[in-house]
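**Student:**
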Amino acid sequence: MIHVEESFTDERTVLLRIEGRLDRESFPAFRAVCQRHLEAGRRVRLDMGGLNHIGQDGREFVRSIRKRVRLQGLSEYLKLAIDEYDVKDDAR
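Going left to right, the sequence shown walks through residues 2 to 93 as the numbering used here numbers them.
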């Protein structure tokens, strides 16, 4: 199960706080939220500090959007899980 909290930091920027398990069942909802904001032209910040599992679908999706979003709160486990060797964890 996953929980996605959306909060707007300004008109063009949204912070998505992700908590729980991003697995096959919860992935479609996560993808839909991300795509809705990206297609609207918003800057998306993904706070993944509350995520304790990420499945293959989630890893592949995050890889596909990582240049269009700002990732933050990634644990070492999640960095390895999504193959994020070149991502900088933004704690701002």
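Glycine included, every Cβ here is placed at the ideal spot set by N, Cα and C.
Please report whether the beta-carbon of residue 29 lies at a distance below 9 Å from any beta-carbon of chain D.
**Tutor:** Among the chains in the structure shown there is no chain D, since it carries only a single protein chain.
**Student:** Excluding five sequence neighbours on each side, which residues of the same chain lie with their C-beta closer than 6 Å to the C-beta of residue 92?
**Tutor:** Its pLDDT being 46, under 50, residue 92 is placed unreliably by the model, and the measurement read from it follows with that caveat. Result list for residue 92: empty, nothing under 6 Å.
**Student:** Please identify the residue among 72, 15, 83 and 67 whose C-alpha is closest to the C-alpha of residue 37.
**Tutor:** When each option's Cα is compared against that of residue 37, the closest is 15.
**Student:** Identify which residue in 51, 59 and 12 has its Cα closest to the Cα of residue 26.
**Tutor:** Comparing Cα-Cα distances from residue 26 to each of 51, 59 and 12, the minimum goes to 59.
**Student:** Is residue 1 helix, strand or coil when you go by DSSP?
**Tutor:** Residue 1 falls outside the range modelled here, since the chain spans only 2 to 93, and no answer is possible.
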